[in-house]
Structures are given as C-alpha cells and as structure tokens.
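Undergrad: In my numbering, the protein residues as written are 221 to 422. Where a beta carbon is used, it is the ideal one built from N, C-alpha and C, also for glycine. Structure provided below as structure tokens; questions to follow.
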Ligand code: MN
C-alpha cells in the first residue's frame, strides 16, 4: 500500500502567530506531500514496497538516497506535526520533567542546549531530544535523516524534534532561525512528548 499524507491534527492557522498559516499550508500540503509522492515513486516495484515507514527508516543507510531522503522526510514530518499543538507550550510535567532536570540540570538549560543544536545545524536538518540508553540527550541530523536511522551519528528514540530547514520558517522569520526556534517553544505539545518518553523508557 502506498503511503499517504497524514491530515494535520489541527487547522493550518492554529499555530499563529508562532508559525504562520501560509508556512503551514506549504510545509504540509506541498513539502510533506512531495516526500510522500517521491517515496512512493522510489519504492514502486522494489522489494521494500510494502514495508512500514519505521521499517524503512531503520535501514535507510542500505537503501537508495531517494528512499532514505523521502522516507526520512515522511517520518520526520509526520512526527513534527504531532510535536506541535495550538494552546500548547509551557513546561513539561511528571516523568519527562524529572528526566529533563536529571539530564540537563534545569528546563531552561535544556531549552538553551536544544535551541543551540537547531541554530548550529549547518544548512538543512533537524534538532532532536532523544532517549538513548535510558537517558535523555540532544542531537541533530542533516537533511531528512533522523535518530532512528542506522546512519545516525547518535541513535535513540525521538521525544521531540524541530525542523530547521528554511522552508519551515523563511516566510515569517527569513534568515532569523533563532527567532523561529524561540517561537517553537510556544507550540510544543508536551503531553505528546511525555507520552513518547513514557513509551520509550519502558
Ligand atoms: Mn520540513
């Protein structure tokens, strides 16, 4: 079965003013759709057709670049839309809050380190909060790679991820990636991140 574009779990304008409507329309409807279409094209008639997206990303390094890039693009964006929510932001609670404090000292120190990973990614890519060997870590990947991939420098289970490709912020923030990353905190879906953390730590 071919992959399809998942519906956004909220309206295109729901993340205003942190992430603008036109960016969400193009990012979801054009960019993510293109990853899905190109992934389907690259898989058609190959032995990997029929695998789940998770099965594809964990062996991405052994697959042709079109499958690695578009498969990563599909997984990453599906994860990203659920990382965000309207009327969100604030601070995490419970087990995830405790784990963040244990790993980084304070929530503020965590935010600083995560934002620095996003600002410091040269060109296009992602910054991640991952669970690795039972501990939280921050990492970053180039292009559409992610920490589940066999080719990732630092492997782990993603809890949070932020897209730092220019297409994610350029219409509103232009060259000011740090401003986009500052606004990201206003729309982080902490309940979803907590759910991922609790599933990963089991
Ligand atoms: Mn993107």
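Quick one: what's got a C-beta closer than 7 Å to residue 235's C-beta in the same chain, skipping five residues either side?
TA: 244, 304, 306, 407
Undergrad: Tell me which same chain residues have a C-beta within less than 6 Å of the C-beta of residue 403, skipping the five on either side of it?
TA: 238
Undergrad: CA-CA distance, residue 253 and residue 399?
TA: 26 Å
Undergrad: Which residues, in chain order, sit with a beta-carbon under 6 Å away from any heavy atom of the ligand MN?
TA: So the residues near the ligand MN by this Cβ test are 247, 251, 297, 383, 385, 387, 388.
Undergrad: Take every Cβ of the region 248–268, pair it with every Cβ of the region 289–302, and state whether three or more of those distances are shorter than 8 Å.
TA: yes
Undergrad: Tell me whether residue 310 sits in a helix, a strand or coil according to DSSP, three-state version.
TA: The answer is coil: DSSP assigns residue 310 none of H, G, I, E or B.
Undergrad: Could you give the distance in angstroms between the alpha-carbon of residue 313 and the alpha-carbon of residue 282?
TA: 39 Å
Undergrad: Nearest-angstrom Cα distance between residue 380 and residue 264?
TA: 31 Å
Undergrad: List the DSSP bridge partners of residue 408.
TA: 304
Undergrad: Looking only at C-alpha atoms, which of 226, 248, 222 sits nearest to residue 233?
TA: 248
Undergrad: DSSP state of residue 340, grouped into three classes?
TA: In the structure shown, the three-state DSSP call for residue 340 is helix.
Undergrad: Do you know how far the Cα of residue 339 is from the Cα of residue 378?
TA: 19 Å
Undergrad: So, for residue 391: in the same chain, excluding its five sequence neighbours on each side, which residues have a beta-carbon less than 6 Å away from its beta-carbon?
TA: Same-chain partners within the cutoff: 242, 243.
Undergrad: What is the rounded straight-line gap between the Cα of residue 166 and the Cα of residue 386?
TA: Here the chain has residues from 221 to 422 only, and residue 166 is not among them.
Undergrad: From residue 266 to residue 325, what distance separates their C-alpha atoms?
TA: 48 Å
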